Every structure is written in structure tokens, then in C-alpha cells.
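Student:
In this note's numbering, the protein residues as written are 253 to 330.
1. Measure from the alpha carbon of residue 272 to the alpha carbon of each residue in 315, 261, 307, 318, then state which is nearest.
2. Can you find at least 3 beta carbon pairs, one from the region 319-329 and one from the region 297-305, that sit closer than 8 angstroms?
3. Going by Cα to Cα distance, which pick from 317, 261, 277 is closest to residue 304?
4. Quick check: residue 312 and residue 265, are their CB atoms within less than 8 angstroms of each other?
So this is what it looks like as C-alpha cells:
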């Protein structure tokens with residue numbers, strides 16, 4: 253299997269999770285009152301990024317585990 257076919261889904265997963273992060277942050281920003289926007293926003297950026305980076309690592313690990321098991325199954329069935 254080519255490396256490009258393994259990397260593309262990982263990039264798609266990362267971009268999807270990053271778009272979710274920015275969507276959540278934007279919604280949180282719009283719902284805050286004006287005087288609290290800069291006080292409470294920046295610690296939440298770190299919290300959201302850590303949470304979604306953990307999810308990205310888990311999904312990428314599961315995807316590569318799936319690819320390994322699929323390759324082993326294909327080799328054993330030949």
C-alpha cells in the first residue's frame with residue numbers, strides 16, 4: 253500500500269477535528285457577553301485543543317490499526 257493512501261485519511265481526520273474546534277470556539281465566543289470575551293476565552297482555547305487533539309490521535313491510531321489488520325488478513329488469505 254502506498255504511503256499517500258495512508259496519509260490522506262489522517263489529514264482529513266485532523267482537518268475535520270480542527271474545524272470542529274474552531275466551530276466550538278466561535279459558538280462559545282458569540283455566546284459570551286462583551287466584558288467576558290477576552291477574560292475567559294484564551295484558557296478555553298487550550299482546553300478545546302487538548303481535547304480534540306486527543307480525539308485525533310485516537311482516530312488516527314484506530315485507522316492505522318485497521319490498515320495493519322487489513323493488510324495481514326489480505327496476506328494470510330493469499
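Note that beta-carbon positions come from the ideal geometry of N, C-alpha and C, so glycine has one too. These numbers were taken from a predicted model, which means no experiment stands behind them.
Tutor: Taking the geometry as given:
1. 307
2. no
3. 277
4. yes
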